[in-house]
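Chemist: Sequential numbering from 7 applies to the sequence shown in this note's numbering.
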Amino acid sequence: MSNQSNECSSCGEMKEGTCGGEKCSAPPKLYPGGQSKIARVIAVMSGKGGVGKSSVTSLMAVNLRKMGYRVGILDADITGPSIPKMFGVKRVPPNQGLLLPAISQKGIKIMSLNLLLESEDEPVIWRGPIIAGAVKQFWTDVNWGELDYLLLDMPPGTGDVPLTVMQQIPVDGIVVVTSPQDLAVMVVKKAVRMAGIMETPLLGYVQNMAYFSCPKCGDRLEIFGKALAKGDTFDALPVLEVLAIDPKFTQLCDNGRVEESDINAFEEIPNLLKVKSQVS
Numbered sequence: 007m008s009n010q011s012n013e014c015s016s017c018g019e020m021k022e023g024t025c026g027g028e029k030c031s032a033p034p035k036l037y038p039g040g041q042s043k044i045a046r047v048i049a050v051m052s053g054k055g056g057v058g059k060s061s062v063t064s065l066m067a068v069n070l071r072k073m074g075y076r077v078g079i080l081d082a083d084i085t086g087p088s089i090p091k092m093f094g095v096k097r098v099p100p101n102q103g104l105l106l107p108a109i110s111q112k113g114i115k116i117m118s119l120n121l122l123l124e125s126e127d128e129p130v131i132w133r134g135p136i137i138a139g140a141v142k143q144f145w146t147d148v149n150w151g152e153l154d155y156l157l158l159d160m161p162p163g164t165g166d167v168p169l170t171v172m173q174q175i176p177v178d179g180i181v182v183v184t185s186p187q188d189l190a191v192m193v194v195k196k197a198v199r200m201a202g203i204m205e206t207p208l209l210g211y212v213q214n215m216a217y218f219s220c221p222k223c224g225d226r227l228e229i230f231g232k233a234l235a236k237g238d239t240f241d242a243l244p245v246l247e248v249l250a251i252d253p254k255f256t257q258l259c260d261n262g263r264v265e266e267s268d269i270n271a272f273e274e275i276p277n278l279l280k281v282k283s284q285v286s
């Protein structure tokens, strides 16, 4: 335990004081595959499972696409991928050389391990370094083309994949997903602290499953605890969105029709990252 404070949080090398740039053996940043040109990379992270991170990722992608942006999703949740099912995509197109992402009905590019498996319920029984290697390959070995935004749907926790992403993929900002429940917030804060240690920018919080509106009386029921409001500040970060429990949205995700959602959200993301719309 006594050596912990003398270990570089990025490269793991023993050092005195701070780890100098030339001596630090942290892995280098990686370039996206082929002629890919990606303007901004956003990691959607929670640290905690079960808070709806993948549904938030899909909703963000759908809304950015509606605004006219070129959008892709890298499904970094290798052992629990759900993005392909939400968008109703089954396989990647055949190609020699670099992989090509699947393309949704509205033009969102998607790469996920489930698109490479024989069956969507086939388990992936891999150890951490192999999983992290797969995520790197989805960055370096996929021809993403030109994108305004690539969203990374991160797995829960602060292990190999988040560490690899923050060290080797040029992430422009992290959106942190939580629910109102104190237990969820406690674990999610670990992801926030990790981002701080790794010096990765944090854009703000999304509070998901914040409330449920009764379809009969319209009362707002805060099932998991006191909900925040959009524009609030929580833990020194802005609250970007407060999303309700929405059975209609859940059904669209289950049926592979998430792009039909009429939920308007994440309008401020372009202003946070200063990206202009390229397509209509």
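C-beta atoms are modelled at their ideal positions from N, C-alpha and C, and glycine is treated no differently.
What you are looking at is a predicted structure, and each value in this text was computed from that prediction instead of being measured.
For the beta strand (DSSP E) that contains VAL212, what are its first and last residues?
Modeler: First-last of the beta strand (DSSP E) with VAL212: 208-213.
Chemist: Which same chain residues, not among the five before or five after ALA201, have their C-beta less than 6 angstroms away from its C-beta?
Modeler: Closer than 6 angstroms at the Cβ level, and outside the excluded window around ALA201, lie ILE180 and LEU208.
Chemist: Answer yes or no: do PHE93 and ILE116 have a C-beta to C-beta separation smaller than 8 angstroms?
Modeler: Taking 8 angstroms as the Cβ cut-off, PHE93 and ILE116 qualify as a contacting pair.
Chemist: According to DSSP, is GLU126 part of a helix, a strand, or is it coil?
Modeler: Note: GLU126 maps to coil in three-state DSSP.
Chemist: If you drop the 5 nearest sequence neighbours on each side, which residues of the same chain put their C-beta closer than 8 angstroms to that of LYS232?
Modeler: Answer for LYS232: PRO186, listed in chain order.
Chemist: If you check the beta carbons only, do GLY86 and GLY134 fall under 8 angstroms apart?
Modeler: In this structure, GLY134 does not lie closer than 8 angstroms to GLY86 by Cβ.
Chemist: Under 8 angstroms, do GLY56 and THR146 count as touching if we go by C-beta distance?
Modeler: Not in contact: GLY56 and THR146 (Cβ atoms no closer than 8 angstroms).
Chemist: Among the residues of its own chain, which have a CB less than 7 angstroms from the CB of LYS112, if the five just before and after it don't count?
Modeler: Excluding sequence neighbours, LYS112 sits near ARG71 and GLU265.
Chemist: Just the C-alpha distance for TYR155 and VAL177, rounded to the nearest angstrom, thanks.
Modeler: Distance between the alpha carbons of TYR155 and VAL177: 11 angstroms.
Chemist: Going by the beta-carbon positions, is the gap between ALA82 and PRO161 smaller than 8 angstroms?
Modeler: Yes, they are a contact pair.
Chemist: Ordered along the chain, which non-local residues of its own chain (more than five positions away) have a Cβ less than 6 angstroms from that of GLY78?
Modeler: Closer than 6 angstroms at the Cβ level, and outside the excluded window around GLY78, lie LYS115, TRP150, LEU153 and LEU156.
Chemist: How is the alpha helix (DSSP H) around ILE84 delimited, first residue to last?
Modeler: Element bounds for ILE84: n/a, residue is neither H nor E.
Chemist: Is DSSP giving MET73 helix, strand or coil here?
Modeler: It is coil, neither helix nor strand.
Chemist: Need the endpoints of the alpha helix (DSSP H) that THR164 sits in, please.
Modeler: Per DSSP, THR164 belongs to no alpha helix (DSSP H) and is neither H nor E.
Chemist: Using only the alpha-carbon positions, how far apart do GLU205 and ASN270 sit?
Modeler: Spanning the two alpha carbons is a distance of roughly 31 angstroms.
Chemist: How far does the beta strand (DSSP E) with ALA138 in it reach, from first residue to last?
Modeler: Unbroken run through ALA138 is the alpha helix (DSSP H), 134-146; no beta strand (DSSP E).
Chemist: Taking the CB atoms as reference points, tell me whether PRO276 and MET66 lie closer together than 8 angstroms.
Modeler: The answer is no: Cβ separation not under 8 angstroms.
Chemist: Could you spell out where the alpha helix (DSSP H) holding LYS202 opens and where it closes?
Modeler: Per the sequence presented here, residue 202 reads as Gly, with Lys not at that position. Where GLY202 is concerned, the enclosing alpha helix (DSSP H) stretches over 188-203.
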